[in-house]
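To keep things clear, I will list the structure first and then write my remarks on it.
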Amino acid sequence: NAGVTQTPKFQVLKTGQSMTLQCAQDMNHNSMYWYRQDPGMGLRLIYYSASEGTTDKGEVPNGYNVSRLNKREFSLRLESAAPSQTSVYFCASSRGYVGAEAFFGQGTRLTVV
Amino acid sequence: AQKVTQAQTEISVVEKEDVTLDCVYETRDTTYYLFWYKQPPSGELVFLIRRNSFDEQNEISGRYSWNFQKSTSSFNFTITASQVVDSAVYFCALTTGNQFYFGTGTSLTVIP
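Residue numbers (my numbering), protein chains in the order written: chain X, 139 to 251; chain D, 678 to 789.
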């Protein structure tokens, strides 16, 4: 029962470096999401994919890009990392119908120095 | 616009005390769903409960209970006889479609 798997779990980047966070789910879910969690801010939606082949911006998309590679995988790319992107990133998935709960990965703790 | 407010940032209780976590939501949609998630110190988010806007029946599951009141736009969570294992950050969330809107969370510490 892997559920939602994120890699890596920890990452330190230098300002200006790029990286891709990987996310895969094995529950045949239609919708996938990327959130960031910052102290006192809760979870904020970066991008989501309602279904395979579609992606939409969330609340805080600036500085990020996403790719829904197939139904299982949804990656998040930071093209030029900034210290403001230091955060814990969570990938989630859901069946996609209204009211379906989201299942979350273990999170990626990213530090940009 | 959708919004979830968890006014309690941090709560500390002594073990075996009851504690209620508040959640107030805003939406103009008539069909919506409310959720509670738990984030223990290990970091993962765990789904606890879902409620839809047409079901105001309160729910009890063991030591946990939820009070949904549309009249006050609230979906409060009560833990009875708290235990140290209940120490976590608890998030309330709202969805009316594809997106989930989360509150800022309430950090609960249960002191032995």
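All C-beta atoms in this analysis are idealised placements derived from N, C-alpha and C, irrespective of residue type, glycine included.
Compare the C-beta of residue i against all C-beta atoms of chain D and say whether one is closer than 8 Å.
i	result
valine 236 of chain X	yes
serine 156 of chain X	no
methionine 170 of chain X	no
tyrosine 186 of chain X	yes
glutamine 244 of chain X	yes
phenylalanine 254 of chain X	Chain X is shown from 139 up to 251; residue 254 of chain X falls before or after that span and cannot be answered.
glycine 191 of chain X	no
alanine 240 of chain X	yes
glycine 201 of chain X	no
Rank the options by C-alpha distance to the C-alpha of residue i and give the top, closest one.
i	options	result
cysteine 700 of chain D	D:Glu736, D:Gln776, D:Arg740, D:Asn753	D:Asn753
valine 762 of chain D	D:Ala678, D:Tyr709, D:Thr704, D:Lys715	D:Lys715
phenylalanine 745 of chain D	D:Gly739, D:Arg728, D:Ala758, D:Glu687	D:Arg728
glycine 234 of chain X	X:Leu151, X:Asn166, X:Leu159, X:Thr158	X:Asn166
serine 759 of chain D	D:Pro789, D:Val681, D:Glu721, D:Thr704	D:Pro789
phenylalanine 241 of chain X	X:Tyr171, X:Ser156, X:Thr145	X:Tyr171
threonine 707 of chain D	D:Thr781, D:Ala678, D:Leu698	D:Ala678
alanine 238 of chain X	X:Gln155, X:Gln144, X:Ala140, X:Ser169	X:Ser169
alanine 140 of chain X	X:Lys147, X:Ala162, X:Lys152	X:Ala162
glutamate 211 of chain X	X:Lys147, X:Val250, X:Ser187	X:Ser187
valine 723 of chain D	D:Gly774, D:Ala770, D:Gly739	D:Ala770
lysine 747 of chain D	D:Val691, D:Arg705, D:Ile688, D:Asp695	D:Arg705
serine 742 of chain D	D:Thr682, D:Thr757, D:Thr781, D:Ser784	D:Thr757
serine 784 of chain D	D:Asp695, D:Pro718, D:Ile726	D:Pro718
glycine 180 of chain X	X:Thr143, X:Ser225, X:Lys147, X:Thr158	X:Ser225
Buried or exposed for residue i, please, with buried defined as at least 16 other CB atoms from any protein chain shown within 10 angstroms of its CB.
i	result
valine 766 of chain D	buried
threonine 686 of chain D	exposed
alanine 810 of chain D	As displayed, chain D neither begins before 678 nor continues past 789, which places residue 810 of chain D out of reach and without an answer.
glycine 196 of chain X	buried
valine 150 of chain X	exposed
valine 156 of chain X	Checking the sequence, you will find serine at residue 156 of chain X rather than valine. Classification of serine 156 of chain X: exposed, given that the 10 Å Cβ count is below 16.
arginine 740 of chain D	exposed
glycine 780 of chain D	buried
glutamine 223 of chain X	buried
Using a beta-carbon distance below 8 Å, is residue i in contact with chain X?
i	result
leucine 698 of chain D	no
tyrosine 702 of chain D	no
arginine 727 of chain D	yes
glycine 739 of chain D	no
tyrosine 625 of chain D	Nothing about residue 625 of chain D can be reported from this structure: the residues present for chain D run from 678 to 789 only.
phenylalanine 745 of chain D	no
So is the beta-carbon of residue i under 7 Å away from any non-hydrogen atom of the ligand COA?
i	result
lysine 209 of chain X	Because no ligand of any kind appears in the structure shown, any question about the ligand COA cannot be addressed here.
Handout entry: Every unbroken beta strand (DSSP E) inside the region 694-723 of chain D [3 residues or more]
Key = Listed in chain order, the complete beta strand (DSSP E) runs (minimum 3 residues) inside the region 694-723 of chain D are 696-698, 701-703, 710-716.
Exercise for the section: Write down every uninterrupted run of the beta strand (DSSP E) in the region 742-781 of chain D whose length is 3 residues or greater and which is fully enclosed by it, in chain order. Expected result: 751-756, 765-772, 777-779
Problem - chain X contacts made by the region 771-785 of chain D, where a contact means CB separation under 9 Å - result: Thr772, Thr773, Gly774, Asn775, Gln776, Phe777, Tyr778, Phe779, Gly780, Thr781, Gly782
Practice task
May I ask you to list, following chain order, the residues of the region 171-182 of chain X that have a beta carbon less than 9 Å from some beta carbon of chain D?
Solution key: Tyr171, Tyr173, Gln175, Gly178, Met179, Gly180, Leu181, Arg182
Handout entry: Those runs of the beta strand (DSSP E) which lie wholly inside the region 191-217 of chain X and span at least 3 residues
Key = 202-206, 212-216
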